[in-house]
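Student: Have a look at this one before I ask anything.
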Amino acid sequence: MLVLLLSLALAGCSVAEQATPLNPKGSVGEDQLFLIQLSLGIMTFVLVVVFVIFFYVIIRYRQRRGQTGIPKQVEGSHKLEITWTVIPLILLTILAVPTVQKTFALAKDYSEANDVLKVKVTGHQFWWEFEYTDLGIVTSGDLYIPVGQKVFVTVQSADVAHSFWVPGLAGKIDAIPGVTNKMYFDAKEPGVYRGACAELCGASHALMDFKVIAVSEDEFEQWVEDMQTPVAESDAVRGQELFEAKGCLQCHAITPDGKSMGPNLNNFANRDRVASFRPNTEEWLAKWLDDPQEVKPGSTMPDVGLTQDEIDALVEYLYSLDNQQ
Amino acid sequence: MDWLTTVDHKKIGILYLLGGTLFFVLGGIEAMLIRLQLMFPESNFLDAQTYNEVLTMHGTTMIFLAAMPLLFAFMNFIVPLQIGARDVAFPFVNALGFWTFFFGGIMVNVSWFLGGAPDAGWTAYTPLSSSEVFSGKGNDFYAVGLQIAGLGTLMSGINFLATIINMRAPGMTFMRMPLFTWTTFVSSLLILFAFPPLAVGLFLLTFDRLFDANFFEIGAGGSAVLWQHIFWIFGHPEVYILILPAFGIISEVVSTFSKKRLFGYSSMVFATLLIAFLSFMVWVHHMFTDGLGPIANALFSVATMLIAVPTGIKIFNWLFTMWGGQIRFTTAMLHVVAFIPTFVMGGVTGVMLASPPADFQYHDSYFVVAHFHYVIVGGIVLALFAAVFYWWPKMFGRMLNETLGKLAFWLFFIGFHLTFFIQHILGLIGMQRRIFTYLAEHEGWAEMNLVSTIGAFFMAAGVILYVLNIVITSLKPRNASADPWDGRTLEWTLPSPVPVYNFKQLPLVRSLDAFWAEKMAGNKEMTPAEPVGPIHMPSNSILPLIMAFGFFVSGFGFMYAKHDFANDFVRMLFENHIVSIGGLVITAICMILRSLIDDPGYHIEPEELESKGVKA
């Protein structure tokens, strides 16, 4: 027990700051935390009752040295049976009422609502696509939202089952091919919140994180404007030529609402990550272009056999896709 | 040779024990590989694909090839003895059940050597598992291997039902049966109704994978969620199939080593039946995040919470069995005593998981992994270890070493909590399941995963000591009496080990805890219900093994029908389905032989019974 508590304390110390299901920064997450705490409280009570009886029994009725004879054989007790049937039922009712109430509340459909940001989410092996249907923006990896506003996502999959989870803000909803699922959430504080895929989907299931980036209303408007106005010309001429010549453009749209087999790279320079989970730096981008399978096993990003020169040019080009200028 | 042709429930029980232990060790190695890979962030001890194969095989092996067979070992060996019978209703089918499990298990595992193991999780969600586009040949072995192993389980379930309904000794009414027999009975009912859906699901998966069907092919009108429903209609009762016999073991051991009858016997029987019934009503709690809608989620949530009630009834009845008793802390009892708080911890996280909004956070996170390991390892495995120490003398005529047993227990138990308690926290701070690695930037993950892995090393040490105990004990001469624990049920009236015919004379049962009742009345033995006479025994047969082998061959035939073999002759054999049909023909011929050749068995004469020569 001591070791348990110790290991818990040691390991638990550092997690207070990040947003997690235990420390949610969104309204839905808070609702869920309430249920987590309520159920934990009720269950702790049950555990205490069981443990007290348990420890009493194994200490008090231990066979003593030299003790003989047959203890009284007790058939049972109706009273006790009723007690430990009725009390658990009452405890479960206490849990079931808010559970059912919140189950319905969280299932609210905001597809027709006005003051709600609507995003169509599609899970792919192994990245997330975000389409802001009312704003004409298609992007991937970074889900920008304004702080305090409800976000309503419709979630689909392009291939196998994935699951869209933002642990610091809300729960998850599965992305199942052939099905359109719905979920709403919000962020009450600005921040970069980790998103993860929570359904085994192949080799790089662990490597398809995304980010929910909650910003002020003004910053969100600015981001929308940036995304809707891509750079007119890029100075990285060689890189741009290679981008077309090597076939990148076939999978990676760079227009604001362009849909493609691979992630839309509009405004790529301002993305939080490269390949979903690596820091967006020259070093990692070069590694990704050089050997996709090494960075993300099972990825459908092809290795087109780029030379170091070509990689450098492409990196320069991709970082020129910077709409904030 | 006797072991390959035996139809004796006791030998078959020992075969299940051996097979189950082999796969338990294999599954344990897979667990160690998982924990080694997750010990440090961004480790490349195992690559992503291999990790997915290891995690899939860990779950599949442990549930289908370790837990089930180990429970079957005891159900097979002990239940006929507890009801005063000489064997199960269908000894031939019993053997067939073992060999199909064995060959099914081999088939699933041979995938390691033939291009890779299944890699879509033990739950094999479609379309990841059903489409060639998304997963490799390994999942063929999952579908076909488990289909074969599942046949064996279904057969055994039917066998136990027929045995318990028809072959109880005179005087043993249903309400005088020991709890282990009751739970075997109810678990067999669950098997009867839960395994056919699995068979159906596996057939659909096999047809999608091998015969271009489209049950799970979205573009062609199939449904991915369909698999989940079919799998979990099997999958949820399956975990109760596992835990109910474990509960039965707990009841036996608690009662014996408290020197008291089981408190609330009728409530315990009723609770078992209620748990079984409810277990078919809750499967969607594995699918809360599928988007089935709030009505479905709410209904299944309440049903799931309800299962806690009969389970709680059992816990309290065990505690009150010990209340007022004289508790002997043998190694078996130590495991049972540890089971109670540990299983309750697992059960309460189950109630927490039952709430859909909260489950939206817990689902597919390490919180769930912690929950089910608490109930499976802290529940079923501890009960199995208790059964091993409790019934070893009856099965093998030897007492396992108590000191070594207790040391093994403490290592395993402490390691278990170290490994799995902290996983609740990992889930609650956002670590998903089934990830082969994690980034160092996630605060707390590395430290907690390290603690979890350290616990695994303790568990491994414990398992080694358990196995060592068995090896050392096996090298010693037989030293066990018929009734080393001052037992209460019929198996303790027989010599240790048990003669092949079990009872010289079938006993007359006058009460619950039949043997204890006789002891309290001042008798040293049971009153016989029949005179001494020749005992009719079933003959051995090699046919069950060959039949199971036929399925095995046929399975390969179907899996490799379109394979591009280098050798033309071999390709011809597979392409033209000669291997697939041929395997089925082998099985069919055996069945025809079995039906047409009249084998009346043999008799053991009374003279042989009186002498000490006739042994198992």
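Protein sequence lines correspond, in order, to chains Y and B.
The numbering used here applies: residue 27 is where the first sequence begins, and numbers increase by one.
The numbering used here applies: residue 924 is where the second sequence begins, and numbers increase by one.
Even for Gly, the Cβ is constructed at its ideal location relative to N, Cα and C.
Where Ile-171(Y) and Pro-305(Y) are concerned, what is the direct C-alpha to C-alpha distance, given to the nearest angstrom?
Tutor: Walking along the first sequence from the start, residue 171(Y) turns up at place 145. Walking along the first sequence from the start, residue 305(Y) turns up at place 279. Rounded to the nearest angstrom, the two C-alpha atoms are 21 Å apart.
Student: Give a yes or no on whether 8 Å exceeds the smallest Cβ distance from Tyr-382(Y) to chain B.
Tutor: Chain Y is shown from 27 up to 351; residue 382(Y) falls before or after that span and cannot be answered.
Student: Going by the CB atoms, is the gap between Thr-1107(B) and Pro-1041(B) shorter than 8 Å?
Tutor: Here residue 1041(B) corresponds to residue number 118 of the second sequence, with the count starting at 1. Here residue 1107(B) corresponds to residue number 184 of the second sequence, with the count starting at 1. Not in contact: Pro-1041(B) and Thr-1107(B) (Cβ atoms no closer than 8 Å).
Student: Run down chain B in chain order and give the residues with a C-beta less than 7 Å from the C-beta of Met-69(Y).
Tutor: Numbered from 1 along the first sequence, position 43 holds the residue referred to as residue 69(Y). Here the neighbours are Val-1271, Val-1274 and Met-1275.
Student: For a cutoff of 8 Å on Cβ pairs, would you count Ser-1464(B) as touching chain Y?
Tutor: Within the second sequence, the letter at position 541 stands for residue 1464(B). Not closer than 8 Å to any Cβ of chain Y, the Cβ of Ser-1464(B) fails to qualify, so no.
Student: Is the Cβ of Glu-1530(B) closer than 8 Å to any Cβ of chain Y?
Tutor: For the purposes of this step, residue 1530(B) is taken as residue 607 along the second sequence, with counting starting at 1. By this cut-off, Glu-1530(B) is not an interface position.
Student: Start and end of the beta strand (DSSP E) containing Asp-168(Y)?
Tutor: What you label residue 168(Y) is simply residue 142 of the first sequence in a count that begins at 1. Unbroken beta strand (DSSP E) run through Asp-168(Y): 168-172.
Student: Using the beta-carbon count (16 or more within 10 Å), is Pro-1233(B) buried or exposed?
Tutor: Along the second sequence, one-based indexing puts residue 1233(B) at 310. Under this definition Pro-1233(B) is a buried residue.
Student: Residues of chain B with CB closer than 7 Å to the CB of Ser-189(Y), please, in chain order.
Tutor: Here residue 189(Y) refers to the residue found at position 163 of the first sequence. Within 7 Å Cβ-Cβ: Thr-1212 and Asp-1287.
Student: Using a beta-carbon distance below 8 Å, is Gly-1353(B) in contact with chain Y?
Tutor: On the second sequence, position 430 is the one that residue 1353(B) refers to. True, the Cβ-Cβ gap to chain Y drops below 8 Å.
Student: For chain B, find out if any of its Cβ atoms is closer than 8 Å to the Cβ of Ala-184(Y); answer yes or no.
Tutor: By one-based count along the first sequence, residue 184(Y) stands at place 158. Not closer than 8 Å to any Cβ of chain B, the Cβ of Ala-184(Y) fails to qualify, so no.
Student: Select from Met-962(B), Met-1460(B) and Ile-1501(B) the residue whose C-alpha is nearest the C-alpha of Gly-1480(B).
Tutor: Here residue 1480(B) refers to the residue found at position 557 of the second sequence. Closest by alpha carbon: Ile-1501(B).
Student: Classify Phe-190(Y) as helix, strand or coil using the three-state DSSP reduction.
Tutor: By one-based count along the first sequence, residue 190(Y) stands at place 164. Three-state result, Phe-190(Y): strand.
Student: State yes or no: is the beta carbon of Met-1204(B) nearer than 8 Å to at least one beta carbon in chain Y?
Tutor: Here residue 1204(B) corresponds to residue number 281 of the second sequence, with the count starting at 1. Chain Y contact via Cβ: absent.
Student: Am I right that Ser-166(Y) and Asn-290(Y) are in contact with their C-beta atoms under 8 Å? What's the rounded C-beta distance?
Tutor: In the first sequence, residue 166(Y) corresponds to position 140, counting from 1. In the first sequence, residue 290(Y) corresponds to position 264, counting from 1. Correct: roughly 6 Å between the Cβ atoms.
Student: How is the beta strand (DSSP E) around Gln-182(Y) delimited, first residue to last?
Tutor: Counting from 1 along the first sequence, the entry for residue 182(Y) is found at position 156. That run of the beta strand (DSSP E) goes 177-183.
Student: For Glu-1325(B), I'd like the list of residues in its chain whose CB is within less than 6 Å of its CB, leaving aside the five on either flank, ordered along the chain.
Tutor: Residue numbering aside, residue 1325(B) sits at position 402 when the second sequence is read from its first letter. Excluding positions up to five away in sequence, the list reads Thr-1254.
Student: Taking the C-alpha atoms as reference points, what is the distance between Pro-992(B) and Ala-1169(B)?
Tutor: Along the second sequence, one-based indexing puts residue 992(B) at 69. Along the second sequence, one-based indexing puts residue 1169(B) at 246. Roughly 13 Å separates the two Cα atoms.
Student: For a contact meaning CB atoms closer than 8 Å, what does Met-1245(B) contact in chain Y?
Tutor: Here residue 1245(B) corresponds to residue number 322 of the second sequence, with the count starting at 1. Neighbours of Met-1245(B) on chain Y, chain order: Val-83, Ile-84 and Tyr-87.
Student: Comparing the C-beta of Leu-1051(B) with each C-beta of chain Y, is any distance below 8 Å?
Tutor: Within the second sequence, numbered from 1, the residue matching residue 1051(B) stands at position 128. It does: the Cβ of Leu-1051(B) has a partner Cβ on chain Y nearer than 8 Å.
Student: Quick one, which residues of the segment 1046-1072 of chain B are near chain Y if we go by CB-CB under 7 Å, in chain order?
Tutor: Those residues of the segment 1046-1072 of chain B that come within reach of chain Y (Cβ to Cβ, closer than 7 Å) are Tyr-1048, Pro-1050, Leu-1051 and Phe-1057.
Student: Can you tell me where the alpha helix (DSSP H) with Ile-1198(B) in it begins and where it stops?
Tutor: Here residue 1198(B) refers to the residue found at position 275 when the second sequence is read from its first residue. It spans 1188-1201 - the alpha helix (DSSP H) in which Ile-1198(B) sits, taken as one unbroken run.
Student: Are any of the Cβ atoms in chain Y nearer than 8 Å to that of Thr-929(B)?
Tutor: If you number the second sequence from 1, residue 929(B) lands on position 6. It does not; no Cβ of chain Y falls within 8 Å.
Student: By alpha-carbon positions, which one of Asn-1463(B), Pro-1280(B), Trp-1415(B) and Ile-1509(B) ends up nearest to Pro-364(Y)?
Tutor: Outside the modelled stretch of chain Y, which goes from 27 to 351, sits residue 364(Y), for which no answer is possible.
Student: Keeping to the same chain, check which residues put their C-beta closer than 7 Å to that of Phe-211(Y); ignore five residues upstream and five downstream.
Tutor: Counting from one through the first sequence, the residue named residue 211(Y) turns up at place 185. Closer than 7 Å at the Cβ level, and outside the excluded window around Phe-211(Y), lie Gly-52, Val-54, Val-177, Val-192, Leu-195 and Ala-196.
Student: Among Val-1374(B), Ala-1092(B) and Arg-958(B), which one has its Cα closest to the Cα of Thr-1450(B)?
Tutor: Along the second sequence, read from residue 1 onward, the residue named residue 1450(B) stands at position 527. The shortest Cα separation from Thr-1450(B) among Val-1374(B), Ala-1092(B) and Arg-958(B) belongs to Ala-1092(B).
Student: How about Ser-1012(B) and Met-1095(B): do their beta carbons lie closer than 8 Å?
Tutor: Taking the first residue of the second sequence as 1, we reach residue 1012(B) at position 89. Taking the first residue of the second sequence as 1, we reach residue 1095(B) at position 172. The residue you asked about is not Ser; residue 1012(B) is Ala in the sequence shown. Not in contact: Ala-1012(B) and Met-1095(B) (Cβ atoms no closer than 8 Å).
Student: Tell me whether Ser-1174(B) counts as near the ligand SAM, meaning its Cβ is closer than 7 Å to at least one heavy atom of that ligand.
Tutor: Absent from the structure shown: the ligand SAM. Ligands present: none.
Student: Excluding sequence positions up to five away, which residues of its chain have a Cβ less than 7 Å from the Cβ of Ser-1034(B)?
Tutor: For the purposes of this step, residue 1034(B) is taken as the residue at position 111 of the second sequence. Ala-1040, Pro-1041, Gly-1061 and Phe-1064.
Student: Beta-carbon within less than 6 Å of Leu-268(Y)'s beta-carbon, same chain only, minus the 5 sequence neighbours each way: which residues are those?
Tutor: Indexing the first sequence from 1 puts residue 268(Y) at position 242. Result list for Leu-268(Y): Glu-336, Ala-339 and Leu-340, in chain order.
Student: Is Glu-965(B) helix, strand or coil by DSSP?
Tutor: Taking the second sequence and counting its residues from 1, one reaches residue 965(B) at position 42. Coil, per DSSP.
Student: Consider the Cβ of Pro-318(Y): report whether some Cβ of chain B lies at a distance smaller than 8 Å.
Tutor: Counting from one through the first sequence, the residue named residue 318(Y) turns up at place 292. Pro-318(Y) does not count as touching chain B.
Student: Any Cβ of chain Y within less than 8 Å of the Cβ of Leu-1425(B)?
Tutor: Here the question's residue 1425(B) lines up with position 502 in the second sequence. Per the sequence shown, residue 1425(B) should be read as Asn rather than Leu. Not an interface residue.
Student: Tell me, please, whether the segment 1289-1307 of chain B touches the segment 1256-1270 of chain B by the rule of three or more beta-carbon pairs shorter than 8 Å.
Tutor: In short, these stretches touch, since the Cβ pair count reaches three.
Student: Please state whether DSSP places Thr-1227(B) in a helix, a strand or coil.
Tutor: Numbered from 1 along the second sequence, position 304 holds the residue referred to as residue 1227(B). If DSSP states are grouped into helix, strand and coil, Thr-1227(B) belongs with the helices.
Student: Does Thr-1376(B) come out as helix, strand or coil in the three-state DSSP assignment?
Tutor: Taking the second sequence and counting its residues from 1, the one referred to as residue 1376(B) is at position 453. It is helical.
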